[in-house]
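Here's the structure we're looking at; comments come further down.
Protein chains in written order, with our numbering: chain A, 1 to 483; chain B, 484 to 799.
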């Protein structure tokens with residue numbers, strides 16, 4: 001071997017997924033009452049965050065389109081949809097689920113282009129889990145009477161659904177599938193920076209021949225979101241996004257009869273005890289904060305590690321981070337892709353600079369970032385105090401804050417010391433400690449010896465300023481049933 | 484491990500209690516997490532130049548093996564010819580690392596491989612069960628070494644390991660290492676019989692502490708043999724042992740690896756878990772027979788763009 005002239009370094013040659021698979025069109029239209037049409041708002045270019053090049057033009061909705069969409073949703077609700085037997089509604093959902101699978105590669109590449117996330121994630125998580133949500137709720141459609149909501153639970157009506165840019169297709173699936181299964185109709189607004197996969201999902205819905213108006217998809221900005229929230233004929237609002245906007249929505253809806261569910265920000269504690277399976281804990285930490293560039297509301301952004309293993313764990317974590325591959329989202333070997341927008345990148349930079357200014361120690365693995373596009377290297381802060389902004393505010397980027405603790409009680413106190421309460425992680429080989437921590441953590445989702453695992457049968461949602469209402473599982477039906 | 488106070492490793496093996504305390508004090512392995520990590524690494528996409536590099540590297544890491552009751556000198560000689568020159572039509576194909584045979588055929592292999600770079604490995608210690616007295620096992624080893632074996636693949640006493648008699652297992656490895664003399668010692672853990680990943684980690688450390696030059700998954704006679712999660716745990720063990728002591732020890736995967744794709748995935752795992760330094764036949768081996776032919780077919784496919792049929796590579 002030593003005689004061989006070849007390099008001893010195992011370089012992975014580029015393995016890019018073809019951009020052609022996304023079948024990008026020059027322009028996309030909004031979807032109202034079963035038809036695609038240009039919105040009456042501005043024509044906006046959506047860009048690829050990995051290189052800042054325009055991808056396509058989207059004719060955004062205006063206020064008149066919101067009125068049309070809600071009216072269409074109302075007609076569809078009063079007309080065929082709410083009266084349709086559950087097993088017939090279920091057939092449509094099964095059809096959508098299968099079509100998502102059939103067009104899986106196209107949706108994955110399109111998602112990576114529009115959002116900046118690595119193809120490995122859009123291919124292995126976003127798209128299959130989106131299909132799984134439709135399959136799961138398709139199964140519920142004819143069994144609602146057995147869900148514990150009374151013998152014949154009724155739908156709520158017209159649901160206005162506003163979703164974020166971090167999981168554009170997956171969040172659309174989380175919102176639409178349970179709403180339709182329960183017999184509601186939907187006006188969905190994807191985020192302004194990532195409208196494309198939701199509009200392709202509208203194509204799938206059209207091809208599945210859902211009755212006109214059952215699902216309407218409006219591309220647009222905050223003004224369109226506000227118009228949906230304020231519309232008198234909307235019965236329910238489901239919002240996923242920032243706590244700031246969630247509070248505005250809640251204020252707007254106060255005193256009205258509209259129902260509301262909110263899935264907002266988080267600052268999750270990922271707690272590693274000294275008896276944890278450390279190699280797997282390192283993987284869980286990586287997955288917790290660098291999955292989707294940390295742009296995940298339930299990201300494990302605060303690592304709480306027991307002091308007795310802290311040095312060892314940080315060493316292992318840094319060694320592991322050196323193997324992360326940052327770059328072209330379409331390369332199948334990319335682990336960390338681009339930040340979704342210039343605005344988000346600016347926020348991440350501002351908060352990390354505050355971390356340095358407040359005295360925490362910043363570390364990143366050596367990695368070359370592309371020149372164009374929105375990029376941020378995976379970053380770990382050690383020596384973080386609970387008072388630092390990077391320990392309290394949601395960064396929504398690939399930035400981990402490491403804090404230490406000495407006893408389980410201290411871990412619990414620090415973990416719960418946040419206005420948020422969406423998720424938490426517990427790493428220990430001791431089963432009784434897992435149960436004890438899970439019972440006391442004020443977080444909607446507690447992962448034990450894993451992190452960021454999503455399944456349509458598991459409910460998801462927050463405590464405190466992380467919102468209310470649950471999505472997924474049997475609990476996810478409740479938001480869409482009048483009982 | 485690097486920042487842990489370095490324990491006095493001589494003291495660890497003083498008695499069953501202290502050895503047990505050390506082995507059971509190693510961090511546990513969460514099976515679901517380990518399987519997830521192994522599956523994640525398997526999604527790496529290795530193409531074009533990196534694939535060509537990986538195929539040649541894998542060929543050079545093979546212990547070309549025949550371990551059958553029906554082995555004859557003639558069969559071993561033809562295997563040796565193939566080991567030295569895997570593709571008679573293409574001199575750019577590297578030789579494999581070693582051939583691996585039973586002790587009575589070592590002399591035949593040594594003669595056939597004279598003047599080549601290929602080593603001669605021999606299984607010993609009452610392979611594959613290991614169910615014989617220590618004297619008999621050591622005699623087996625000395626026979627093979629005397630016949631010219633440069634590498635010895637021993638089996639541990641899995642019964643003693645599972646019964647918690649760690650010192651007995653440890654002492655047998657130490658004695659076998661002494662009997663090897665200058666020959667390299669590979670310690671077969673037979674992870675398929677140890678059943679859990681926690682046991683795979685403990686057995687790995689036990690073998691490293693006792694002086695094994697390599698830790699090896701399996702005899703190839705028990706199923707499951709080498710699996711990605713087991714390989715992961717063993718690579719973590721040599722990585723952590725290096726961090727603790729500064730010494731690099733090797734890993735050999737054996738049993739059931741037949742396809743180039745699997746071999747390339749394991750090289751990715753070696754690269755990302757243990758590190759680049761282990762991408763060397765001195766520190767990583769595949770114990771295999773049919774894998775070589777698949778690597779040759781893939782190598783030719785990469786160069787020519789089309790697949791050859793199985794009749795274009797030799798059976799032995």
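The beta-carbon is built from N, C-alpha and C at its ideal position, and this holds for glycine as well.
What three-state label does DSSP hand residue i in the structure shown?
{"i": "residue 57 of chain A", "result": "strand"}
{"i": "residue 527 of chain B", "result": "coil"}
{"i": "residue 80 of chain A", "result": "helix"}
{"i": "residue 37 of chain A", "result": "strand"}
{"i": "residue 770 of chain B", "result": "strand"}
{"i": "residue 367 of chain A", "result": "coil"}
{"i": "residue 476 of chain A", "result": "helix"}
{"i": "residue 732 of chain B", "result": "coil"}
{"i": "residue 426 of chain A", "result": "strand"}
{"i": "residue 287 of chain A", "result": "helix"}
{"i": "residue 695 of chain B", "result": "coil"}
{"i": "residue 263 of chain A", "result": "strand"}
{"i": "residue 116 of chain A", "result": "coil"}
{"i": "residue 403 of chain A", "result": "strand"}
{"i": "residue 332 of chain A", "result": "coil"}
{"i": "residue 273 of chain A", "result": "coil"}
{"i": "residue 3 of chain A", "result": "Below a pLDDT of 50, predicted positions are generally treated as unreliable, and residue 3 of chain A, at 37, falls in that range; the measurement from the model is reported next regardless. Coil at residue 3 of chain A, not helix or strand."}
{"i": "residue 752 of chain B", "result": "helix"}
Does the distance from the C-beta atom of residue i to that of residue j stay below 8 Å?
{"i": "residue 380 of chain A", "j": "residue 402 of chain A", "result": "yes"}
{"i": "residue 50 of chain A", "j": "residue 329 of chain A", "result": "yes"}
{"i": "residue 621 of chain B", "j": "residue 506 of chain B", "result": "no"}
{"i": "residue 565 of chain B", "j": "residue 799 of chain B", "result": "yes"}
{"i": "residue 142 of chain A", "j": "residue 86 of chain A", "result": "yes"}
{"i": "residue 742 of chain B", "j": "residue 548 of chain B", "result": "no"}
{"i": "residue 346 of chain A", "j": "residue 299 of chain A", "result": "no"}
{"i": "residue 415 of chain A", "j": "residue 409 of chain A", "result": "no"}
{"i": "residue 762 of chain B", "j": "residue 732 of chain B", "result": "no"}
Taking 8 Å as the limit between beta carbons, can you name the residues of its chain near residue i, skipping five residues before and five after?
{"i": "residue 204 of chain A", "result": "96, 99, 100, 103"}
{"i": "residue 500 of chain A", "result": "What the structure shows of chain A is the stretch from 1 to 483, and residue 500 of chain A is not part of that stretch, so it cannot be assessed."}
{"i": "residue 5 of chain A", "result": "Legend: pLDDT at residue 5 of chain A = 42, less than 50; position of this residue unreliable, value from coordinates given subsequently. Excluding positions up to five away in sequence, the list is empty."}
Can you tell me the Cα-Cα spacing of residue i and residue j, whole angstroms?
{"i": "residue 136 of chain A", "j": "residue 286 of chain A", "result": "29 Å"}
{"i": "residue 589 of chain B", "j": "residue 405 of chain A", "result": "58 Å"}
{"i": "residue 462 of chain A", "j": "residue 474 of chain A", "result": "16 Å"}
{"i": "residue 546 of chain B", "j": "residue 396 of chain A", "result": "49 Å"}
{"i": "residue 603 of chain B", "j": "residue 684 of chain B", "result": "28 Å"}
{"i": "residue 155 of chain A", "j": "residue 182 of chain A", "result": "6 Å"}
{"i": "residue 702 of chain B", "j": "residue 584 of chain B", "result": "12 Å"}
{"i": "residue 175 of chain A", "j": "residue 19 of chain A", "result": "28 Å"}
{"i": "residue 362 of chain A", "j": "residue 378 of chain A", "result": "10 Å"}
{"i": "residue 45 of chain A", "j": "residue 57 of chain A", "result": "4 Å"}
{"i": "residue 765 of chain B", "j": "residue 534 of chain B", "result": "21 Å"}
{"i": "residue 407 of chain A", "j": "residue 306 of chain A", "result": "7 Å"}
{"i": "residue 436 of chain A", "j": "residue 745 of chain B", "result": "42 Å"}
{"i": "residue 248 of chain A", "j": "residue 503 of chain B", "result": "60 Å"}
Report all residues from its chain with a CB closer than 6 Å to the CB of residue i; omit the five preceding and five following residues, and keep chain order.
{"i": "residue 325 of chain A", "result": "333, 334, 335"}
{"i": "residue 610 of chain B", "result": "638"}
{"i": "residue 478 of chain A", "result": "none"}
{"i": "residue 599 of chain B", "result": "567"}
{"i": "residue 48 of chain A", "result": "55, 113"}
Under 7 Å Cβ to Cβ from residue i, same chain only, skipping five residues before and after it: list those, please.
{"i": "residue 501 of chain B", "result": "494, 495"}
{"i": "residue 527 of chain B", "result": "751"}
{"i": "residue 593 of chain B", "result": "603, 630, 631"}
{"i": "residue 219 of chain A", "result": "30, 39, 58, 60, 61, 190, 195, 199"}
Is any heavy atom of the ligand ZN found at a distance shorter than 7 Å from the C-beta of residue i?
{"i": "residue 359 of chain A", "result": "Because no ligand of any kind appears in the structure shown, any question about the ligand ZN cannot be addressed here."}
Check your understanding: Of the residues that make up the stretch 690 to 720 of chain B, which ones have a beta carbon closer than 7 Å to any beta carbon in chain D?
Key -> Here the protein chains are A and B, and chain D is not one of them.
Point to revise | Contact the stretch 538 to 546 of chain B vs the stretch 771 to 784 of chain B: 3+ CB pairs below 8 Å | key: yes
Exercise for review: For the stretch 226 to 246 of chain A and the stretch 57 to 76 of chain A, state whether three or more C-beta atom pairs, one from each stretch, are separated by less than 8 Å.
Suggested key: By the Cβ test, the stretch 226 to 246 of chain A is in contact with the stretch 57 to 76 of chain A, since at least three Cβ pairs between them sit closer than 8 Å.
Exercise for review: Check whether the stretch 663 to 675 of chain B touches the stretch 697 to 717 of chain B, taking contact to mean three or more Cβ pairs, one atom from each stretch, closer than 8 Å.
Suggested key: Three or more beta-carbon pairs separated by less than 8 Å link the stretch 663 to 675 of chain B to the stretch 697 to 717 of chain B, which places the two stretches in contact.
Review point. Would the stretch 513 to 521 of chain B and the stretch 567 to 575 of chain B be scored as touching if the rule is three or more Cβ pairs under 8 Å?
Key: Contact annotation: the stretch 513 to 521 of chain B does not touch the stretch 567 to 575 of chain B, with fewer than three C-beta pairs closer than 8 Å.
Review point. Between the stretch 695 to 713 of chain B and the stretch 732 to 741 of chain B, are three or more C-beta pairs nearer than 8 Å?
Key: yes
Check your understanding: Contact between the stretch 442 to 460 of chain A and the stretch 247 to 258 of chain A: three or more CB pairs below 8 Å?
Key -> no
Review point. Do the stretch 353 to 365 of chain A and the stretch 21 to 41 of chain A make contact, defined as three or more Cβ pairs closer than 8 Å?
Key: no
Check your understanding: Quick check: the stretch 157 to 170 of chain A against the stretch 239 to 252 of chain A, are there 3 or more CB pairs under 8 Å?
Key -> yes
Check your understanding: Within the chosen definition, does the stretch 625 to 633 of chain B reach the stretch 652 to 659 of chain B through at least 3 CB pairs nearer than 8 Å?
Key -> no
Exercise for review: Could you tell me whether the stretch 257 to 266 of chain A touches the stretch 121 to 136 of chain A, using the rule of 3 or more Cβ pairs below 8 Å?
Suggested key: no
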